[in-house]
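*Asks:* Please find one structure pasted underneath; my questions will follow.
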Amino acid sequence: MAKRRDRAATGGRFWKLTGMTTSIATRVAGQQVRGWFQSEQDRRESREELMRHIGREVAATLGQMKGAVMKVGQIASQMQDVLPREISEQLAVLQNASAPMPFHVIRRQLERELGGPVADHFQDFQETPFAAASIGQVHRATTLEGEQVVVKVQYPAVKASIDSDMKHLKRILKLGSLLRVDERALDAVFREIRQQLDEELDYHQEAENLNLFRDFHRDDPDVVIPQVFPALSGATVLTLSLEEGTPLEQVDDAHGFDQALRNRLGERLFDLLARQIFQLHAVHCDPHPGNFAFRQDGAIVFYDFGAVKRLPAEDVALMAALTGAALSGDWARLDQALVDIGARRADTSVPDGFYEAWVPVLMQGIADTPFDFETARVHQDVMKQAKASAWEDMLKFQPSSRTLLVQRVVGGHYWTMKNLGVASALRPRLERILESR
Numbered sequence: 000m001a002k003r004r005d006r007a008a009t010g011g012r013f014w015k016l017t018g019m020t021t022s023i024a025t026r027v028a029g030q031q032v033r034g035w036f037q038s039e040q041d042r043r044e045s046r047e048e049l050m051r052h053i054g055r056e057v058a059a060t061l062g063q064m065k066g067a068v069m070k071v072g073q074i075a076s077q078m079q080d081v082l083p084r085e086i087s088e089q090l091a092v093l094q095n096a097s098a099p100m101p102f103h104v105i106r107r108q109l110e111r112e113l114g115g116p117v118a119d120h121f122q123d124f125q126e127t128p129f130a131a132a133s134i135g136q137v138h139r140a141t142t143l144e145g146e147q148v149v150v151k152v153q154y155p156a157v158k159a160s161i162d163s164d165m166k167h168l169k170r171i172l173k174l175g176s177l178l179r180v181d182e183r184a185l186d187a188v189f190r191e192i193r194q195q196l197d198e199e200l201d202y203h204q205e206a207e208n209l210n211l212f213r214d215f216h217r218d219d220p221d222v223v224i225p226q227v228f229p230a231l232s233g234a235t236v237l238t239l240s241l242e243e244g245t246p247l248e249q250v251d252d253a254h255g256f257d258q259a260l261r262n263r264l265g266e267r268l269f270d271l272l273a274r275q276i277f278q279l280h281a282v283h284c285d286p287h288p289g290n291f292a293f294r295q296d297g298a299i300v301f302y303d304f305g306a307v308k309r310l311p312a313e314d315v316a317l318m319a320a321l322t323g324a325a326l327s328g329d330w331a332r333l334d335q336a337l338v339d340i341g342a343r344r345a346d347t348s349v350p351d352g353f354y355e356a357w358v359p360v361l362m363q364g365i366a367d368t369p370f371d372f373e374t375a376r377v378h379q380d381v382m383k384q385a386k387a388s389a390w391e392d393m394l395k396f397q398p399s400s401r402t403l404l405v406q407r408v409v410g411g412h413y414w415t416m417k418n419l420g421v422a423s424a425l426r427p428r429l430e431r432i433l434e435s436r
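So the sequence shown is numbered by numbering that gives the first Met the number 0: it starts at 0 and just counts up by one.
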């Protein structure tokens with residue numbers, strides 16, 4: 000019976016995605032025909048409207064669905080260097096699109112994984128989830144021993160739909176040559192996303208990630224990482240100690256977080272990210288605000304270790320070279336490191352002055368004097384610089400599968416620092432971590 004339900008759900012997903020793909024393909028073809036009879040200005044405006052429509056249609060369809068396709072859509076919304084801006088902006092709504100599943104579905108998944116009724120494993124289990132995401136949801140519970148825990152339950156049939164989901168989304172993104180990267184780069188990016196999804200869907204792997212990070216931060220009293228309950232966990236269920244804190248949107252003066260404390264929290268978050276990259280060689284890769292909480296004693300609580308990127312030593316060395324070259328203004332070394340890591344096409348070259356213009360924009364938050372993230376407009380400055388740069392020079396760069404998830408977390412935490420209102424000098428901290436790696 001359960002297998003039939005899973006097959007029916009997978010078939011329903013297929014037809015939803017097929018219908019979306021057909022609709023978008025028809026619109027792309029129509030826009031291309033109209034373009035034969037339009038002026039250059041009209042073609043540009045028509046294409047921008049087409050991109051917005053595609054973004055809205057993809058977001059609306061994926062927002063109704065759980066699983067891999069929604070997760071990939073969320074990642075795609077952050078790929079501004081791959082997707083047209085109009086599409087990535089529309090997909091941003093997926094970051095918060097996560098209605099919970101009915102509890103009878105969750106109960107069936109729990110009983111299948113743990114064996115036996117829920118009451119055999121928990122003294123109390125709250126049927127209403129307090130968090131829901133693309134591939135699972137989280138419930139509060141009490142163990143038979145009376146310990147307060149949270150239970151993460153994966154939605155059924157998610158794994159079965161990965162290949163079909165990714166095939167459809169990739170096809171949509173390639174329609175009408177919408178992407179500005181070659182297919183090899185796109186394939187590498189999707190392979191990286193697929194690998195990450197496989198790991199996120201394996202809760203045994205997430206338990207290992209939690210233990211890895213707990214061990215690395217064992218001497219950091221200001222880092223709180225939940226403890227795994229192995230007897231109440233499995234491949235699709237993960238039970239963790241309840242670790243509470245203040246959500247990001249409440250970290251302000253009214254809730255007891257003054258400017259000095261917010262600066263300290265921002266510095267700590269920055270240090271933790273840099274240490275994970277350059278010392279642990281593994282990064283907590285989901286910067287969604289819901290995956291962090293803050294305490295008035297200066298501690299930061301980390302949640303959700305499904306998205307962890309383990310970094311090969313060679314990639315860490317290249318990232319260190321990139322960062323060091325950007326800090327010192329060694330443009331030749333920076334350029335070579337970008338080529339080596341796959342972010343710049345090896346068969347091209349950039350003009351003199353290119354990095355002198357771009358690096359200060361991208362690195363302005365890493366300064367010797369306090370930088371005010373609350374009033375920062377780095378995202379807007381990047382857009383202005385992109386418009387000021389020659390289009391043919393921008394096409395010489397492409398997403399690198401080796402840095403995709405690290406860029407995601409760095410970009411995400413720019414917004415965390417901005418929301419915290421951090422004002423700190425971060426360059427000395429980064430230089431110390433680079434020297435100690």
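Glycine is no exception: its CB is placed at the ideal position from the N, C-alpha and C atoms. Since we're looking at a predicted model, the values are computed, not measured.
1) Given a threshold of 16 other Cβ atoms within 10 Å of its Cβ, counted over all protein chains shown, does residue 423 qualify as buried or as exposed?
2) Between residue 261 and residue 250, is the Cβ-Cβ spacing less than 9 Å?
3) Flag this pair as touching only if the stretch 380 to 391 and the stretch 203 to 222 have three or more C-beta atom pairs under 8 Å; answer yes or no.
4) Please state whether DSSP places residue 372 in a helix, a strand or coil.
5) How close, in whole Å, do the beta carbons of residue 244 and residue 293 come, if the pair is a contact with beta carbons under 8 Å?
6) Among residues of its own chain, excluding the 5 on either side of residue 213, which ones have a beta-carbon nearer than 8 Å to its beta-carbon?
7) Can the beta-carbon of residue 436 be found closer than 9 Å to that of residue 269?
8) Three or more C-beta pairs closer than 8 Å, one from the stretch 393 to 401 and one from the stretch 359 to 367: is that the case here?
9) Compute the Euclidean distance between the alpha carbons of residue 295 and residue 142, then round it to the nearest angstrom.
10) Per DSSP, what kind of secondary structure is residue 240 in: helix, strand or coil?
11) Between the C-alpha atoms of residue 100 and residue 327, what's the straight-line distance to the nearest angstrom?
12) Is it buried or exposed for residue 133, if we count other Cβ within 10 angstroms and need 16 for buried?
13) Would you mind stating whether residue 368 and residue 291 have Cβ atoms separated by less than 9 Å?
14) In the structure shown, what three-state DSSP assignment does residue 417 receive?
15) How many angstroms separate the CA atom of residue 177 from the CA atom of residue 169?
16) Hey, which unbroken runs of the beta strand (DSSP E) at 3 residues or more fall wholly within the stretch 237 to 284?
17) So is residue 400 buried or exposed if we call it buried at 16+ other beta carbons inside 10 Å?
18) Name the DSSP bridge partner or partners of residue 322?
19) With which residues is residue 308 paired in a DSSP beta bridge?
20) Given this structure, state the Cα-to-Cα distance separating residue 418 from residue 373, to the nearest angstrom.
21) What residue does the beta strand (DSSP E) around residue 214 start on, and which one ends it?
22) I need the boundaries of the beta strand (DSSP E) containing residue 438, first residue and last residue.
23) Given 8 Å as the limit, is there contact between the stretch 308 to 318 and the stretch 146 to 160, that is, 3 or more CB pairs closer than that?
24) In three-state DSSP terms, what is residue 228?
25) For residue 189, which of helix, strand or coil comes out of DSSP?
26) Just mark residue 351 as buried or exposed, buried being the case when its beta carbon has 16 or more other beta carbons within 10 Å.
27) With a threshold of 6 Å on Cβ separation, who are the neighbours of residue 364 within its own chain once the five nearest residues in sequence on each side are excluded?
28) Quick one: grab the DSSP three-state call for residue 314.
29) Where in the stretch 344 to 414 do unbroken runs of the alpha helix (DSSP H), each at least 4 residues long, occur, reported from the N-terminal end onward?
30) Cβ of residue 354 within 9 Å of Cβ of residue 377?
31) Along the chain, where does the alpha helix (DSSP H) that runs through residue 336 open and close?
32) Quick one: grab the DSSP three-state call for residue 154.
33) Do residue 446 and residue 234 have their C-beta atoms closer together than 9 Å?
34) What residue from 288, 383, 283 and 126 has the CA that sits closest to residue 247's CA?
35) If you compare alpha carbons, which of 210, 240, 284 and 252 is closest to residue 308?
36) Quick check on DSSP: helix, strand or coil for residue 159?
*Replies:* According to the structure data:
1) Walking along the sequence shown from the start, residue 423 turns up at place 424. Residue 423 comes out buried.
2) Reading the sequence shown from its first residue, position 262 is the one you call residue 261. Reading the sequence shown from its first residue, position 251 is the one you call residue 250. In this structure, residue 250 lies closer than 9 Å to residue 261 by Cβ.
3) Result no; under three Cβ-Cβ pairs closer than 8 Å.
4) As a working mapping, residue 372 is identified with position 373 in the sequence shown. Looking at residue 372 - three-state DSSP - the assignment turns out to be coil, as it is neither helix nor strand.
5) Sequence index remark: in the sequence shown, residue 244 carries index 245 (1-based). Sequence index remark: in the sequence shown, residue 293 carries index 294 (1-based). The C-beta separation of residue 244 from residue 293 comes to about 5 Å, placing the pair in contact by the 8 Å criterion.
6) Position 214 of the sequence shown, counting from 1, holds the residue named residue 213. The residues are 224 and 226.
7) Within the sequence shown, numbered from 1, the residue matching residue 436 stands at position 437. Within the sequence shown, numbered from 1, the residue matching residue 269 stands at position 270. Contact annotation: residue 436 and residue 269 have beta-carbon atoms that are not nearer than 9 Å.
8) Between the stretch 393 to 401 and the stretch 359 to 367 there are fewer than three C-beta pairs closer than 8 Å, too few to call the two in contact.
9) Numbered from its first residue, the sequence shown carries residue 295 at position 296. Numbered from its first residue, the sequence shown carries residue 142 at position 143. Whole-angstrom Cα-Cα distance: 28 Å.
10) Reading the sequence shown from its first residue, position 241 is the one you call residue 240. Residue 240: strand per DSSP, three-state reduction.
11) Reading the sequence shown from its first residue, position 101 is the one you call residue 100. Reading the sequence shown from its first residue, position 328 is the one you call residue 327. Residue 100 and residue 327: Cα-Cα distance of roughly 51 Å.
12) Counting from 1 along the sequence shown, the entry for residue 133 is found at position 134. Residue 133 comes out buried.
13) Along the sequence shown, one-based indexing puts residue 368 at 369. Along the sequence shown, one-based indexing puts residue 291 at 292. In this structure, residue 368 sits away from residue 291, with a CB-CB distance that is not shorter than 9 Å.
14) As a working mapping, residue 417 is identified with position 418 in the sequence shown. Correct three-state label for residue 417: helix.
15) On the sequence shown, residue 177 is found 178 positions in, with the first residue counted as 1. On the sequence shown, residue 169 is found 170 positions in, with the first residue counted as 1. Caution applies to residue 177, whose pLDDT of 49 falls short of 50 and renders its modelled position unreliable; the value that the coordinates give is listed next. Distance between the alpha carbons of residue 177 and residue 169: 11 Å.
16) Within the stretch 237 to 284, the complete beta strand (DSSP E) runs of at least 3 residues are 281 to 283.
17) Residue mapping note: residue 400 aligns to position 401 of the sequence shown, counting from 1. It counts as buried.
18) As a first step, residue 322 must be located in the sequence shown, where it is residue number 323. DSSP lists no partner for residue 322.
19) On the sequence shown, position 309 is the one that residue 308 refers to. According to DSSP, residue 308 bridges with 282.
20) In the sequence shown, the residue the question calls residue 418 occupies position 419. In the sequence shown, the residue the question calls residue 373 occupies position 374. C-alpha separation (whole angstroms): 7 Å.
21) Within the sequence shown, numbered from 1, the residue matching residue 214 stands at position 215. Residue range 202 to 215 is occupied by the alpha helix (DSSP H) that includes residue 214, with no beta strand (DSSP E) assigned at that position.
22) The structure shown has nothing for residue 438, since the chain only spans 0 to 436.
23) Judged by Cβ distances under 8 Å, the stretch 308 to 318 makes no contact with the stretch 146 to 160, as fewer than three pairs qualify.
24) Here residue 228 is taken as the residue at index 229 of the sequence shown, counted from 1. When secondary structure is reduced to three states using DSSP, residue 228 falls in the coil class, being assigned neither helix nor strand.
25) For the purposes of this step, residue 189 is identified with residue 190 of the sequence shown, where counting begins at 1. Helix at residue 189.
26) Start at 1 with the first residue of the sequence shown, and residue 351 comes out as number 352. That one is exposed.
27) Counting from 1 along the sequence shown, the entry for residue 364 is found at position 365. Cβ contact annotation for residue 364 (same chain, cutoff 6 Å, sequence separation greater than five): 370, in chain order.
28) Here residue 314 refers to the residue found at position 315 of the sequence shown. DSSP places residue 314 in helix when its eight states are reduced to three.
29) If we require 4 residues or more, the alpha helix (DSSP H) runs fully inside the stretch 344 to 414 come out as 353 to 361, 377 to 387 and 390 to 393.
30) The sequence position of residue 354 within the sequence shown is 355, counting from 1. The sequence position of residue 377 within the sequence shown is 378, counting from 1. Against a cut-off of 9 Å, the Cβ pair of residue 377 and residue 354 comes out as no contact.
31) Against the sequence shown, residue 336 aligns to sequence position 337. 330 to 339 is the extent of the alpha helix (DSSP H) around residue 336.
32) In the sequence shown, residue 154 corresponds to position 155, counting from 1. Residue state, collapsed to three classes: coil.
33) Any question about residue 446 goes unanswered here, given that the chain covers just 0 to 436.
34) Residue mapping note: residue 247 aligns to position 248 of the sequence shown, counting from 1. Nearest of 288, 383, 283 and 126 to residue 247, Cα basis: 288.
35) In the sequence shown, counting from the first residue as 1, residue 308 sits at position 309. The shortest C-alpha separation from residue 308 is found at 284.
36) Numbered from its first residue, the sequence shown carries residue 159 at position 160. Note: residue 159 maps to helix in three-state DSSP.
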